[in-house]
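Under my numbering, the first residue of the sequence shown carries the number 1361, and numbering increases by one thereafter. Where a beta carbon is used, it is the ideal one built from N, C-alpha and C, also for glycine. Report on the structure given below.
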Amino acid sequence: MAQGQGETIWYTPAIMAALCPLWQSSFDESEKQITIACIGLMLREKLAPQAARPYLSIMTSALEKNRPGAAFAFDNSYAGLPQRFFAAQLPTAVAEPWLIKLNEPLAAELGLDVEALRRDGAAIFSGNLVPEGAQPLAMAYAGHQFGGFSPQLGDGRAILLGEVIDRSGGRFDIQLKGAGPTPFSRRGDGRAAIGPVLREYIISEAMFALGIPATRALAAVTTGEPVYREEVLPGAVFTRVAASHIRVGTFQYFAARGDSDGVRALADYVIDRHYPALGEADNPYLALFEAVSERQAALIARWLHVGFIHGVMNTDNMTVSGETIDFGPCAFMDAYDPATVFSSIDQHGRYAYANQPGIGQWNLARLGETLLPLIDEEPDGAVDKANAIIRAYGERFQAHWLAGMRKKIGLAGEEDGDLDLVQALLSLMQTQGADFTLTFRRLSDLAGDAAAEPAFAASFREPEACGSWLAQWRERLSRDPQTQSERATAMRRVNPAFIPRNHRVEQAIEAAVENGDFSLFEALLSVLSKPYEDQADFAAYSEPPKPSERVLATFCGT
């Protein structure tokens, strides 16, 4: 009760609750205070309805800003495709969501309301609160997994909330991973444990900082519920941002069903969303296949430049946008060995470090198979055109890889012998057990200062073993156009000092799982956000693991 100009004005919370059920059920304390203040002001001033409009507008605006889920301005397109492309599916609520991490710079870049996400993020990113404008769905797709075809996979624990347009006009998916079962769960619980969620957050943001196209991490939350795997683990939900979640396996899903209309609709959608210039091509579907091939060749070359091993390059884990996706058993190589495998489920090394370019080509062939009817009505002609692109992939990859390796050893120009020089260094690194990342970083130091040679030589089991290669390298540099300073600066931009060392990632995860301590997680994220900078206070993060710290196997976490 309040007094206004000698009259008693009734607008207490109790009366408001009786008059407005929304007040009791949905308004939080800040919204209640806004409502009381505005109504009280109007009543005290005895405003006529017309005069009260400005105050009502203020109240409406304030309430709208404070509505849960108002942080997103969704502009959904995938939900407009035929219903057989997905299954509508709401997230399953969890008991006690708690926001571990909100990627505020990314949220701002996406045009989201960061303040609202700070307030409502735990509810939104756990799936407890579906934001206004969202159209939650699980995407349908198939895929070859370790060479064997599964005609129906789909999002078994991921739910696409919708799409937003970022400040640059780009369209991005917002997806919850671990948000509960879907029609594609195949008897799974649809949940995620905290370890895989933190791993994906760390690796995806590290890839971004390294300059490698990849999906991004928007948020991570704990659920307050257990997840049952080989052991009982804390549950969590990961919010992923992607240019899209369309995979080679998405095309395979429709092709396996003989759904040519579905393949065409999907191809048209991908062209419109990711390759709009191709719509004017003489053969847009052939041009699409070539564009995806180019992006994939460039992407995998970038992986190899930093020692990244994806671990599970199934066709359902290969995007048509050219982004790295699904970081389950991935890892970064320590000592250089082209046969390196970390994934516990890759028993035969199918997805080993050096096999990744060939697997990329194999996956592209599977995409090409789905597009054949669109490429040419005459089957033999379609096969010939697709095969030409598949064969050219090897040359595309080699060109991207060698261009990047030239930069890593400080070459701006091109000579025929450059490939031999690069391969000689890699062979030396393999036989001498040299750390991949440190060797190239120390070579960057040596390019700028001859006094750094002892540190570079120390990368090898036998320091004197690098002498012959260094002589060849210096002789080659004598014919290169860059100055010493220019070369050293350029090399430091492509040879990181910091990568997500497997043992550091595991230490951060273990502290969070065992003790609820996220300090190592936060510290690691901070270091990895500046991988090309010397960070003296965090030099230990650049070092390879001690023998007792080596991670021999990584796990998918599903």
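Notebook entry, point to check: What are the start and end residues of the alpha helix (DSSP H) that includes P1739?
Noted result: 1739 to 1768
Check: Per DSSP, what kind of secondary structure is I1606 in: helix, strand or coil?
Finding: coil
Check: Would you call Y1711 buried or exposed, if buried means 16 or more other Cβ atoms sit within 10 Å of its Cβ?
Finding: buried
Note to self: Is it buried or exposed, Y1501, if we count other Cβ atoms within 10 angstroms and call 16 or more buried?
What the structure shows: buried
Check: Looking at C-alpha atoms only, which residue of A1658, E1866, F1568, E1882 is the closest neighbour of S1908?
Finding: E1866
Next item on the list: Please work out which residues of its chain come closer than 6 angstroms, Cβ to Cβ, to A1453, disregarding the five sequence neighbours upstream and downstream, and give them in chain order.
Entry: N1488
Next item on the list: Hey, could you find the ends of the beta strand (DSSP E) F1446 is sitting in?
Entry: 1446 to 1448
Next item on the list: State buried or exposed for V1854, treating a residue as buried only when at least 16 other CB atoms are found within 10 Å of its CB.
Entry: buried
Notebook entry, point to check: With DSSP run on the structure shown, which of helix, strand or coil describes E1909?
Noted result: helix
Note to self: Would the segment 1835 to 1845 count as touching the segment 1870 to 1885 if we require 3 or more Cβ pairs under 8 angstroms?
What the structure shows: no
Check: S1787: buried (16+ other C-beta within 10 angstroms of its C-beta) or exposed?
Finding: exposed
Next item on the list: Measure the alpha-carbon distance for N1715 versus N1674 and round it to whole angstroms.
Entry: 13 angstroms
Check: Does DSSP put C1916 in a helix, in a strand, or in coil?
Finding: coil
Check: DSSP state of S1787, grouped into three classes?
Finding: helix
Check: Counting pairs of Cβ atoms below 8 angstroms between the segment 1517 to 1524 and the segment 1491 to 1505, do you hit three or more?
Finding: yes
Next item on the list: Would you check if the distance between the CB atom of R1847 and the CB atom of A1817 is smaller than 7 angstroms?
Entry: no
Next item on the list: List the whole-angstrom C-beta distance separating A1553 from K1537, where the pair is believed to meet the contact cut-off of C-beta under 8 angstroms.
Entry: Contact flag wrong, Cβ pair sits at about 11 angstroms.
Note to self: Since Q1449 and T1542 should fall inside the 8 angstroms C-beta cutoff, what is the C-beta to C-beta distance between them, to a whole number of angstroms?
What the structure shows: 5 angstroms
Margin query: Out of G1671, E1683, Y1629, which one is the CA nearest neighbour of S1653?
Written below: E1683
Note to self: According to DSSP, is V1587 part of a helix, a strand, or is it coil?
What the structure shows: strand
Notebook entry, point to check: Straight-line CA distance for Y1507 to D1676?
Noted result: According to the sequence provided, residue 1507 is Gly. The question's Tyr does not apply to it. Using only the alpha carbons, I get a separation of about 11 angstroms.
Next item on the list: Counting only the same chain and skipping the five closest in sequence on each side, list residues whose C-beta sits under 7 angstroms from that of F1898.
Entry: V1887
Item checked: Three-state secondary structure (DSSP) of D1778 -> helix
Notebook entry, point to check: In terms of residue numbering, what span does the beta strand (DSSP E) encompassing M1678 cover?
Noted result: Careful: M1678 lies outside any beta strand (DSSP E) and carries neither H nor E.
Notebook entry, point to check: Is the CB-CB distance between I1749 and E1650 below 7 angstroms?
Noted result: yes
Checklist line | Under the three-state DSSP convention, the category R1551 falls into | finding: coil
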